[in-house]
Every structure is written in C-alpha cells, then in structure tokens.
C-alpha cells in the first residue's frame, strides 16, 4: 500500500457516503437519544447534523469518564493541568475533581435563573475557573459566549446586545507579564453601555487584585458555589447551540458564529486520535486562549471528550520568564503534542535563534508540533523541525469551521510534509480553487479557496440570529460553496497551500501576487525572525509590495544591507514582476491576540486611508511605531 492510500480512502468515503461515515464516528461518544437523521438537508443551505439526537457536551467531557465501568473509567486520571508562570501557580484536577467542581458551579449558575437555551457571557483570564465556567454552561444546556478577558468595553457591549445574556461570569483581573489588567471596570462600563441589561454578574476574586462589587447586581463566585447544590447534565438536541463565538465582521459589527452540540462533539473526538495522534490518557497541550476557537476546541472540549489530559497555560512563549518557557512546560508535564500559532515560534526564534534554551529540558515524550492561526511560513517550519527533530504540521483553521479544514492526519496515516502547505483536506471537505467568476482553476494556480456544501459536522450551521447575513457573507459569491475568504492553490498531489486572505492578494501591473509568497522569501533571510508584506497604492502599477522585517535578537548589521539583500532575493526567486523594492525594519509587528498580523490596518495607514484601532489588537503601541516608520519612509500615514 502506497503512502497516502489510507488517507485517500477515508477522505473519498467521507465525500461519497457522508452519512455512513459520520454515523460510524458518532458511535464514539455518548448519546441520550440516537439521531433520527445523520444529515438533515431539508432547510439547505442550513444543513443540520444528527437531527433528532440528544446528548450533553459536559457529560461527554467529564461524567462519562468518571462513571465508566470499573477498571475502564478515568475518574482518577488528571483531566486538567493549570500552569501559570505569571503567578507562579500550578494545579491539577482529576476527572472526578473537575466534574464535581463543574457540577457545583452549574448549580450556582442555575440559582441565578439560568436555564437551558439562555446565554451566558464568560469574560475571564486563563484560569481553571474559566474552563469550569464553559463546562458548567454546557452542563445546563445554556449557551456560552466567551469574550477575551481584557477586551474593550465597547466590544463587550456589542456582544452583550447581540446575544442578550442572562448572566456574565468574570474574574477580578488578568495577569500579563508586566501588569495586572483590571477586568471589573471594563465589565461595569460595558454593562452600562449595552442596551440589553444584564441583571447579574458573578465575580471570581483573584488575590492579585480584588474587584469592587456592586450591591444587588454582583455575586461573589466562591460564596455562590459554596451555597449551591450540584447540578446534573441537561439533555439538549444535537442541533442546539453549544456556544456563540464572535469574529470580527467587515461591517464593524461582530459576527456570532454558532457551534452546534452533536456534530462538534463527534468531530472533536475523531480529530484527537486521527489528526493529532494522541492516545486517551496522554498529555496534550494547546497553547492558545479560551477566547479563540482553538481554545474552545482543543484546550477544553476536544481533549476532555476524548479522555486525554489538557494543559491550561497562563503565560507567553517568551518573557515568562524566557524563550525556553514552552520547552519547560512540555518537559515538566510530558506533553506528547503542542498546538500553537506560528507567531509563537517566530517569537522564540527571534529571542533564541540557536535554540540554546532547549538543551536544558528533556523533550523525549514530545512527538508532534502543530501550527495554525497564520500561515506556517517555510523558514519557521524548517527551523522548528531542525530544532525539535519532530514533524511540524501546519494545518488550516477558521473560527467558522470549529476544527481543521486541512492537515496532516498523523494518527490516521502520516503523510510527507511539504513546508508552506497545510497538507490535505479533512474528511468531509471537498475543496476547490476558484477564479473571480467561480470557475475551478488548474493545479498550482492561486485563487479563492472554497468548500463544497454541505460542510462536515462541527462546522458552523449559521450566525447567531443572522441567517441572511450568514448566506450573504459566506454562500452567495460562489453558489454551492462556502467561501473561506482565504486564497491559495492545490498542487498535483492534492496538497493545499493557503497563501493569504483573499484581500491580501495584490495586483501589480495586472499580475496577481500573494503577499504570502513574498513573505516566504523574506523569511528565508538568515537575519529575519518575522516579516509581513502589504500592497500599497501606486499610480503606475496599481499596487506594489512593501515589506516589514523584524530582525533576530543580536543582529547588528546595517539595515540597508539587509534590505538590499531581501530585495535581491525576491527578484531572484519570484522575479522582477513582483516589483519588490522596499522593506522597513521594525521592532515588532502589530498582531491580534491570536497572533494574526494586522496587514489590513497597516495597509490603510500606508495608503492614507481612515482606520480604526482593531478591538483584538495585542498591543496598540505597536501601531504607533509602525506609523512612525511609514512616515519616516515617506508614506503618507496618518491617524
């Protein structure tokens, strides 16, 4: 049997017989009532998976592991490891301990009047209580919406108005390496701003900063839990929403991505073994945040539904305390896999380009590194592979999809890794590359990546209270397809390369170029730790590319020399057609808290267009630095 035959057979079956394929995978989780129909297409394009089935996500994540037959249950296995270098705290919880804590918290939430179908906003840092909050809502059949702790009041208020929660669960503060972020003033401001009035806010007081409570509205977390009666799992329809997760909308109003319960549990169970290659009982680490979809799927629900041990990390890849932080966590907790964003590894590479800090730690248990969130540029992938000596799998994700669109399914059959590619489509995904008119393009040609409907289980069925917006945003441009908004190509062997967002394909004198292609060349320079490319307006050519370079720690060469070298590299590898003439050396690149570089904002600055401070930005000061660099280079940037 040739390499790839097992994957291809599984993928082909998932497209030919989706109902049979996913019905088989659904046997691996617990159902209160079996579904009536695996795939309900009666309201297409609003497809529904496992219609008529009933289950509870919290039961599948906790109770079933505790209540398993003697000798086969996981009651005393560690479920959650909390590792917080910013507070110097480490704790672990067995499945039984976590189940009991969640059941009590669910009772406390229910005592505030929350019932099945009600919405609850969770605005918390990376602490165990945040995970418990998500699971407690799922236990009640309530719909949670996690909003990044520290998000601006205006953004929080817009989410309050959209999902109209009955309750907010929060903590007094978050801890950053250099500061304490007080959450409660932002909660108070958002509640005041919102048109929808929230009657109760439950506050977990952290010792680093206690919040002032508002009498009659605010409830002390610990007091409420102490007084509560443990609550059982409430059965919900497979098609009922488990959570709403907001993603930025092009109109400035956030889009509430809905995740259904049944299909999501089935998909996550399947991926833990087949995509991530993890065995039940092993330690899996997703170094993300519960504010992102990745944190929902692979810090909380995926590992716990599967019966693995999950790590909750309150820290950074560098600075808590150094660029060896990730190696310390992997070594100490014997993690077999790490899933993080490429930007984390670029930060480590910048601070410790030789990987000297790795030598302090034993990574003998570690098998695979998974990257997602931004394109895994080949220089970073190759640096990580050489340093760690394990496969580095770049896989492609979106908030909307809930799990991977493409990946290297190492638990099913490891495939050859092609740096720069996200490997091959996941089961249930039929991907095409389309031109502006919706016609399929040839292998190797860059176009819009789109998935044929229906999408597999676990993907979003619609947007919260916005069916028409769902159709307009994702389904109208290419009828019969889901528009991913990403651009890339598929090669002769079926490997998918996601180069950039469709908006980041630039047109240089009639030639369509992906900024990702140019970034790949810049990132290959020995002195470059991280880079970004945007298209800036040009009277003659329409657009021309402009590069931004972040240099590795310790590089002291003249910037002009490095600029000349990268310009020549682009000319040699892509050709004069790219018209790449200029690159700015900067200290940092502006990013969202998930690690995505804010190329669109930089482009507006360079083109002298109005721009607003993105709500998801990690550090607003970085944009001031970029603006200064653009001005000094002669670009008409203005605030």
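Residue numbers (UniProt numbering): 1 to 639. Built from N, CA and C at the ideal position, the CB exists for glycine as well.
Is residue 239 close to chain D? Criterion is C-beta to C-beta, closer than 8 angstroms. Looking for chain D here will not work: only one protein chain is present.
Helix, strand or coil: how does DSSP classify residue 235 here? In this structure, residue 235 counts as coil in the three-state DSSP scheme.
Below 6 angstroms CB to CB, which residues in the same chain sit around residue 563 once its five sequence neighbours on both sides are set aside? Hits under 6 angstroms: 583.
Terminal residues of the beta strand (DSSP E) in which residue 601 lies: From DSSP, residue 601 is part of no beta strand (DSSP E) but of the alpha helix (DSSP H) over 599-606.
Residues in the same chain with beta-carbon distance under 7 angstroms from residue 110, minus the five sequence neighbours each way, listed in chain order, please. Around residue 110: 140 and 231.
Cβ neighbours of residue 180 in the same chain (closer than 8 angstroms, five flanking residues each side left out): The beta carbon of residue 180 sits closer than 8 angstroms to the beta carbons of 173, 174, 208 and 209 from its chain, once the five residues preceding and following it are set aside; these are given in chain order.
Contact defined as beta carbons within less than 8 angstroms: I believe residue 133 pairs with residue 80. What is the distance between those atoms, to the nearest angstrom? Wrong, their Cβ atoms sit about 13 angstroms apart, outside the cutoff.
At the level of alpha carbons, what is the spacing between residue 76 and residue 303? Taking the straight line from one Cα to the other gives about 16 angstroms.
Alpha-carbon spacing of residue 14 relative to residue 37, whole angstroms: For residue 14 and residue 37, the distance between alpha carbons rounds to 16 angstroms.
Just to check my reading of the structure: residue 443 and residue 491 have Cβ atoms closer than 8 angstroms, yes? What is that Cβ distance to the nearest angstrom? Contact annotation, residue 443 with residue 491: C-beta distance approximately 6 angstroms; criterion of less than 8 angstroms satisfied.
Residues in the same chain with beta-carbon distance under 6 angstroms from residue 115, minus the five sequence neighbours each way, listed in chain order, please. Cβ neighbours of residue 115 beyond the five flanking positions: none.
Looking at residue 292: is its Cβ nearer than 8 angstroms to the Cβ of residue 594? Yes, Cβ-Cβ distance for residue 292 and residue 594 is below 8 angstroms.
Just curious, the beta strand (DSSP E) that residue 501 is in, first and last residue? Looking at the DSSP string, the run of the beta strand (DSSP E) that includes residue 501 is 496-501.
Alpha carbon to alpha carbon, how far is residue 549 from residue 626? Give it in angstroms, no decimals. Counting only the Cα atoms, residue 549 lies some 11 angstroms from residue 626.
Whole alpha helix (DSSP H) elements within the region 246-304, 4-residue minimum: Complete alpha helix (DSSP H) runs here, min 4: 262-274.
Residue 535 and residue 410 closer than 8 angstroms at C-beta: No, the Cβ-Cβ distance between residue 535 and residue 410 is not below 8 angstroms.
Do residue 164 and residue 196 count as a contact pair if the criterion is CB distance below 8 angstroms? Taking the C-beta atoms as reference points, residue 164 is found nearer than 8 angstroms to residue 196.
If I follow the unbroken beta strand (DSSP E) through residue 530, where does it start and stop? Taken as a continuous stretch (DSSP letters only), the beta strand (DSSP E) holding residue 530 covers 528-538.
Would you check if the region 333-342 and the region 362-379 touch, i.e. whether three or more CB-CB distances between them fall below 8 angstroms? Contact holds between the region 362-379 and the region 333-342, because three or more Cβ pairs, one in each stretch, are under 8 angstroms apart.
Bridge partners of residue 173, per DSSP? Paired residue(s): 182.
Minimum C-alpha distance to residue 661 - residue among 85, 318, 576 and 404: Residue 661 lies beyond the stretch modelled for the chain, which goes from 1 to 639, so this question has no answer here.
For residue 154, the first and last residue of its enclosing alpha helix (DSSP H): Segment 153-163, the alpha helix (DSSP H) holding residue 154.
Report the rounded CA-to-CA distance for residue 176 versus residue 83, giving the unit in angstroms. Between residue 176 and residue 83, the C-alpha separation is close to 14 angstroms.
Taking three-plus beta-carbon pairs below 8 angstroms as touching, is the region 298-312 in contact with the region 121-133? Touching, yes, given that three or more Cβ pairs across the two stretches are closer than 8 angstroms.
Quick one: what's residue 200 bridged to in DSSP? Residue 200 pairs with 167.
Could you spell out where the beta strand (DSSP E) holding residue 222 opens and where it closes? Here residue 222 belongs to no beta strand (DSSP E); instead the alpha helix (DSSP H) covers 221-226.
Is the distance from the Cβ of residue 161 to the Cβ of residue 211 below 8 angstroms? No, the pair does not count as a contact, with Cβ atoms beyond the cut-off.
What residues in its chain sit with their C-beta under 6 angstroms from that of residue 430, if we drop five residues either side in the sequence? Cβ within range, chain order: 15 and 452.
Can you pull the DSSP bridge partners for residue 119? Residue 119 pairs with 143.
Looking at the strands, I want to know which residues DSSP matches up with residue 550. DSSP lists 530 as partners of residue 550.
Starting from residue 49 and walking both ways along the beta strand (DSSP E), at which residues does that stretch end? DSSP places residue 49 in the uninterrupted beta strand (DSSP E) bounded by 48-51.
Which residue comes first and which comes last in the alpha helix (DSSP H) that contains residue 7? Residues 5-16.
Secondary structure of residue 564, DSSP reduced to three states: Residue 564 falls in the helix class under three-state DSSP.
Rounded distance between the beta-carbons of residue 508 and residue 543, thought under 8 angstroms: The pair is a contact, with the Cβ atoms about 6 angstroms apart (cut-off 8 angstroms).
Residue 485 by DSSP, collapsed to three states: which one? Reduced to three states, the DSSP call for residue 485 is strand.
Residues near residue 306 in its chain [Cβ-Cβ closer than 8 angstroms; skip 5 each side]: Annotation for residue 306: 268, 269, 272, 273, 278 and 280 place their beta carbon closer than 8 angstroms to its own, counting only its chain and skipping 5 residues before and after.
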